[in-house]
Amino acid sequence: MMIVAVAVAPVVPQTALAADSSSKSSGLSSATSDATNYKTWGAVAEAMAEELQNGQHEYESGNTSGATSDFMSAYNSIYVASNFTAVVSQTIGADKQTAQQQAFQDIQNLSYVPGNNDQLDQKITALVADLDATAQQLDANTGLAKPKEYAKALQAELDKERKELDAKKKKNPGKGNRSWTDVANEMTPILDNAYKAYEKGDGAKGATLVNEAYYQYYEKLGFEKNVMNAISGNRVSQVEYQFKMCRKSMNTGASLKDTKKLIDDLKAMLVKDAGILDGGAADQEGGFTKFITSAVGQAFIILVREGLEALLVVAAVIAYLVKSGNKRFTKWIYLGVLVGLAGSGVIAVIFGLLFGGSGPQQEIMEGVCALVAMGMLLWTSNWMLNKSSVEAWNRYIRNKTEAAVASASAQVESGSKVALGTVVSLAMLSFLAVFREGAETVIFYESIYSMSQDSKGMWTGGIAAAVVLVIIFLIIRFTSVKIPIGPFFLVTSILMAVLVVIFAGGGVHALIEGDALPATYLQGVPTNDWLGFYPYVECIVAQVIAAIAVIALFAVGFVKQRRLKASAAAA
-19 MMIVAVAVAP
-9 VVPQTALAAD
1 SSSKSSGLSS
11 ATSDATNYKT
21 WGAVAEAMAE
31 ELQNGQHEYE
41 SGNTSGATSD
51 FMSAYNSIYV
61 ASNFTAVVSQ
71 TIGADKQTAQ
81 QQAFQDIQNL
91 SYVPGNNDQL
101 DQKITALVAD
111 LDATAQQLDA
121 NTGLAKPKEY
131 AKALQAELDK
141 ERKELDAKKK
151 KNPGKGNRSW
161 TDVANEMTPI
171 LDNAYKAYEK
181 GDGAKGATLV
191 NEAYYQYYEK
201 LGFEKNVMNA
211 ISGNRVSQVE
221 YQFKMCRKSM
231 NTGASLKDTK
241 KLIDDLKAML
251 VKDAGILDGG
261 AADQEGGFTK
271 FITSAVGQAF
281 IILVREGLEA
291 LLVVAAVIAY
301 LVKSGNKRFT
311 KWIYLGVLVG
321 LAGSGVIAVI
331 FGLLFGGSGP
341 QQEIMEGVCA
351 LVAMGMLLWT
361 SNWMLNKSSV
371 EAWNRYIRNK
381 TEAAVASASA
391 QVESGSKVAL
401 GTVVSLAMLS
411 FLAVFREGAE
421 TVIFYESIYS
431 MSQDSKGMWT
441 GGIAAAVVLV
451 IIFLIIRFTS
461 VKIPIGPFFL
471 VTSILMAVLV
481 VIFAGGGVHA
491 LIEGDALPAT
501 YLQGVPTNDW
511 LGFYPYVECI
521 VAQVIAAIAV
531 IALFAVGFVK
541 QRRLKASAAA
551 A
């Protein structure tokens, strides 16, 4: 009764079920596991029916996340793990298997939102009847082994094939064989253990485990960035807030029922997003999702995203020095960039050794750097705005010249000291801009490699992104020289003012992620990572304050210029 079975069932082109079936339908259950310990295929059908009905009861009671969990369990833990799906494909046909998989998927989709009771009842009734009829047909096949014997034979065949393949291929010591569904499944027991710890009265341990799932998996392995790129920034904000609410619930002593619902909702969100990242939504996303979740796409997008803000700051500062006749000082700006890059690498290594490459400490560091850089940008943009008129610029140059020629010693002392102070400030600004983004980029690149093991793809994406950033830098650097003094300083100061607002939102958001600040989440408010706009009251207030400060300084500078221009005209 040895069976040569179909090892991998066809994949449903929909969400998490597709990703799970590809990884679990190939006989992952052992001969002694509960998933295959059934006497008949009819018993398997009865177990699925019971799980589906449990999910229906949860749904009717208002627990949609619990219902989704039960429906997924009926599919993954029984339909797939018992090899029911593989047997249906082998003995009845792939069409029947695909239809049943689609029925499970339809039920899961209906369970995400309330109000689908009638449709859900119809779908479950039809699927239970179909599974029962299929099981009777399987049990009537005298040439087909029962579930337990089938699993033993299938496992033996798979072990033999794996042994042959392993002998032929080079071992992969990394983590590059994991799918995003695997990562989500790795987070599930950690979150379950967090709730168990809280249930036993240890809220601190529970919150620590939630942090472990967030920082060591969701953030460190690149789950967060991939969701942002492939799905939306709004979804990232929702998941981040769900993590935060789980921690808060355990730290503040919320009820077990409420905490359990938060954990269940979070697990369902992670599994759903993982299914999309693994290609389950390929019909909707097309090749775009495949590209941005590949090593090439991730390396390209992350470097462009993280490098663009730093590049704009550095390019504006260098353009200012060249435009003002201080080109000789640009070497100090480049030095600030190099020190920022080196510091980023050192900090990334330190965080990797101390906190596993990620953690609240990193978020707090990024937030503080962003807010310090914001203050320096505010000062620099205001200074440039005050020099935006030709009269103001000529007056500035004339004053410096007069002070410099007062005497030989005063010329050296005055000229060098003023220039040194300005250059040090600008070099520090370039250092902070690069340092803030650099450490995060290094850590993200480590996570891309740990997931993909595709160094060639990473080099391709990284080099392509570097070329794009260099082109942008050269355009700003050389076209700005041809812009007249007034428009140049006006445009540059406006650009820096916009970065002030972006850094304000991003800095406060990083502090919120590190739990250094409380957070008030605004449901339905969109997220835009490029603009530093996040759905938190604190982030929005910080950006509003930064915008008011920018506008106020612009207004004061404008009034001051008008008065000086009027005085000059009168004279």
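If you're matching positions, the sequence shown starts at -19 in this note's numbering and goes up one per residue.
C-beta: ideal position from N, C-alpha, C; glycine also.
All figures in this text were calculated on a predicted structure; none of them were measured in a lab.
Apply the 10 Å Cβ neighbour rule to residue 314 and answer buried if 16 or more other Cβ atoms are within range, or exposed otherwise.
For the purposes of this step, residue 314 is taken as residue 334 along the sequence shown, with counting starting at 1. The residue in question, residue 314, is exposed, as its Cβ has fewer than 16 Cβ neighbours within 10 Å.
Exposure of residue 160, with buried meaning 16 or more beta-carbon neighbours within 10 Å
The sequence position of residue 160 within the sequence shown is 180, counting from 1. Under a 10 Å Cβ-count criterion, residue 160 is classified as buried, with 16 or more other Cβ atoms of the shown protein chains found around its own Cβ.
Cβ of residue 511 within 9 angstroms of Cβ of residue 485?
Taking the first residue of the sequence shown as 1, we reach residue 511 at position 531. Taking the first residue of the sequence shown as 1, we reach residue 485 at position 505. A contact, by the Cβ cut-off of 9 angstroms.
I need the straight-line Cα distance from residue 213 to residue 520, nearest angstrom please.
The sequence position of residue 213 within the sequence shown is 233, counting from 1. The sequence position of residue 520 within the sequence shown is 540, counting from 1. Take the alpha-carbon of residue 213 and the one of residue 520: they are about 16 angstroms apart.
Proximity winner among 20, 87, 61, 62, relative to residue 45 (alpha-carbon distances)
Counting from one through the sequence shown, the residue named residue 45 turns up at place 65. Cα-wise, what sits closest to residue 45 is 87.
Going by the CB atoms, is the gap between residue 251 and residue 227 shorter than 9 angstroms?
Numbered from its first residue, the sequence shown carries residue 227 at position 247. Numbered from its first residue, the sequence shown carries residue 251 at position 271. It is not a contact, given that the beta carbons lie outside the stated cut-off.
Coil, strand or helix - residue 501 by DSSP:
Locating residue 501 in the sequence shown gives position 521, counting from the first residue. In the structure shown, residue 501 sits in a strand (DSSP, three-state: E or B).
Going by other Cβ atoms of all chains shown within 10 Å of its Cβ, with 16 needed for buried, is residue 70 buried or exposed?
Here residue 70 refers to the residue found at position 90 when the sequence shown is read from its first residue. Label assigned to residue 70: buried.
Ignore the nearest five residues each way along the sequence and tell me which others in residue 111's own chain have a CB closer than 6 angstroms to its CB.
Stepping through the sequence shown from its first residue, residue 111 is reached at position 131. The beta carbon of residue 111 sits closer than 6 angstroms to the beta carbons of 25, 28 from its chain, once the five residues preceding and following it are set aside; these are given in chain order.
Might you give, ordered along the chain, the residues of its own chain that have their beta carbon closer than 7 angstroms to the beta carbon of residue 508, omitting 5 neighbours on each side?
Here residue 508 corresponds to residue number 528 of the sequence shown, with the count starting at 1. Here the set comprises 213.
What does the alpha-carbon distance come out to for the pair residue 525 and residue 299?
The residue labelled residue 525 in the question sits at position 545 within the sequence shown. The residue labelled residue 299 in the question sits at position 319 within the sequence shown. The straight-line gap separating the alpha-carbon atoms of residue 525 and residue 299 is approximately 28 angstroms.
Going along the chain, which residues of its own chain have a beta-carbon closer than 7 angstroms to the beta-carbon of residue 115, five neighbours each way excluded?
Here residue 115 corresponds to residue number 135 of the sequence shown, with the count starting at 1. Cβ within range, chain order: 21, 22, 24, 25.
For residue 495 and residue 17, what's the separation of their Cα atoms in angstroms?
Stepping through the sequence shown from its first residue, residue 495 is reached at position 515. Stepping through the sequence shown from its first residue, residue 17 is reached at position 37. Near 46 angstroms, if we compare the C-alpha coordinates of residue 17 and residue 495.
Exposed or buried, residue 414, counting other C-beta atoms within 10 Å across all chains shown (16 or more means buried)?
Looking up residue 414 in the sequence shown gives position 434. With 16 or more other Cβ atoms inside 10 Å of its own Cβ, residue 414 counts as buried.
Spatial neighbours of residue 100 within its chain, please: C-beta separation below 8 angstroms, excluding the five flanking residues on both sides.
Counting from 1 along the sequence shown, the entry for residue 100 is found at position 120. Counting only Cβ-Cβ distances below 8 angstroms, and skipping sequence neighbours, we find 36, 39, 87, 90, 91.
Could you give the distance in angstroms between the alpha-carbon of residue 201 and the alpha-carbon of residue 283?
Start at 1 with the first residue of the sequence shown, and residue 201 comes out as number 221. Start at 1 with the first residue of the sequence shown, and residue 283 comes out as number 303. If I take the Cα positions, the gap works out to 16 angstroms.
Can you name the residues that DSSP bridges to residue 508?
What you label residue 508 is simply residue 528 of the sequence shown in a count that begins at 1. In the DSSP assignment, the residues bridged to residue 508 are 513.
Residues in its own chain within less than 6 angstroms of residue 554 by CB, not counting five upstream and five downstream?
This structure cannot speak to residue 554, because the chain is shown only from -19 to 551.
Three-state secondary structure (DSSP) of residue 323
Along the sequence shown, one-based indexing puts residue 323 at 343. Residue 323 falls in the helix class under three-state DSSP.
Where residue 72 sits in the DSSP three-state scheme:
As a position in the sequence shown, residue 72 is number 92, starting the count at 1. Correct three-state label for residue 72: coil.
Along the chain, where does the alpha helix (DSSP H) containing residue 166 start, and where does it finish?
Residue numbering aside, residue 166 sits at position 186 when the sequence shown is read from its first letter. Where residue 166 is concerned, the enclosing alpha helix (DSSP H) starts and stops at 160 to 179.
Am I right that residue 517 and residue 500 are in contact with their C-beta atoms under 8 angstroms? What's the rounded C-beta distance?
As a working mapping, residue 517 is identified with position 537 in the sequence shown. As a working mapping, residue 500 is identified with position 520 in the sequence shown. A Cβ-Cβ distance of about 4 angstroms is found for the pair residue 517 and residue 500, placing them in contact under the 8 angstroms criterion.
Would you mind working out which of 206, 305, 224 sits nearest residue 276, comparing C-alpha positions?
Taking the first residue of the sequence shown as position 1, residue 276 is located at position 296. For residue 276, the nearest C-alpha among the options comes from 206.
The alpha helix (DSSP H) spanning residue 441 covers which residue range?
The residue you call residue 441 lines up with position 461 of the sequence shown. If you look at residue 441, you'll find it in the alpha helix (DSSP H) that goes 435 to 459.
Which value, in whole angstroms, describes the spacing of the CA atoms of residue 237 and residue 222?
Taking the first residue of the sequence shown as position 1, residue 237 is located at position 257. Taking the first residue of the sequence shown as position 1, residue 222 is located at position 242. When the Cα atoms are used, residue 237 and residue 222 turn out to be separated by approximately 16 angstroms.
Which of helix, strand or coil does DSSP assign to residue 561?
The requested residue 561 is not part of the displayed model; the chain covers only -19 to 551.
With a cut-off of 9 angstroms, does the C-beta of residue 236 fall near any C-beta of chain C?
Among the protein chains of the structure shown there is no chain C, as only one such chain exists.
Given residue 203, which residues of its chain have a CB within under 7 angstroms of its CB, disregarding the five upstream and five downstream residues?
Against the sequence shown, residue 203 aligns to sequence position 223. Only residues of its own chain outside the window of five on either side were considered, and among them 160, 163, 197 have a CB closer than 7 angstroms to the CB of residue 203, listed in chain order.
Drop a sphere of 10 angstroms on the beta-carbon of residue 287, count the other beta-carbons inside from all chains shown, and report buried for 16 or more, exposed for fewer.
For the purposes of this step, residue 287 is identified with residue 307 of the sequence shown, where counting begins at 1. Buried, since its Cβ has 16 or more Cβ neighbours within 10 Å.
Local Cβ density within 10 Å of residue 542, reported as buried at 16 or more and exposed below that
For the purposes of this step, residue 542 is taken as residue 562 along the sequence shown, with counting starting at 1. Within a 10 Å sphere around the beta-carbon of residue 542 sit fewer than 16 other beta-carbons, which makes this residue exposed.
With 16 other CB atoms within 10 Å as the buried threshold, where does residue 247 fall?
Looking up residue 247 in the sequence shown gives position 267. The residue is buried, with at least 16 neighbouring Cβ atoms inside 10 Å.
How about residue 170 and residue 192: are their beta carbons less than 9 angstroms apart?
Here the question's residue 170 lines up with position 190 in the sequence shown. Here the question's residue 192 lines up with position 212 in the sequence shown. Cβ atoms of residue 170 and residue 192: closer than 9 angstroms.
In or out: residue 218 buried (at least 16 other Cβ within 10 Å) or exposed?
Counting from 1 along the sequence shown, the entry for residue 218 is found at position 238. In summary, residue 218 is buried, with 16 or more beta-carbon neighbours lying within 10 Å of its beta-carbon over all protein chains present.
Is the beta carbon of residue 491 less than 9 angstroms from the beta carbon of residue 348?
Against the sequence shown, residue 491 aligns to sequence position 511. Against the sequence shown, residue 348 aligns to sequence position 368. Yes, these two residues count as a Cβ contact at 9 angstroms.
Hey, residue 321 and residue 453 are a contact pair by Cβ (cut 8 angstroms); roughly how many whole angstroms apart?
Residue 321 sits at position 341 when you count from the first residue of the sequence shown. Residue 453 sits at position 473 when you count from the first residue of the sequence shown. In fact, because the Cβ distance is near 14 angstroms, the residues do not count as touching under 8 angstroms.
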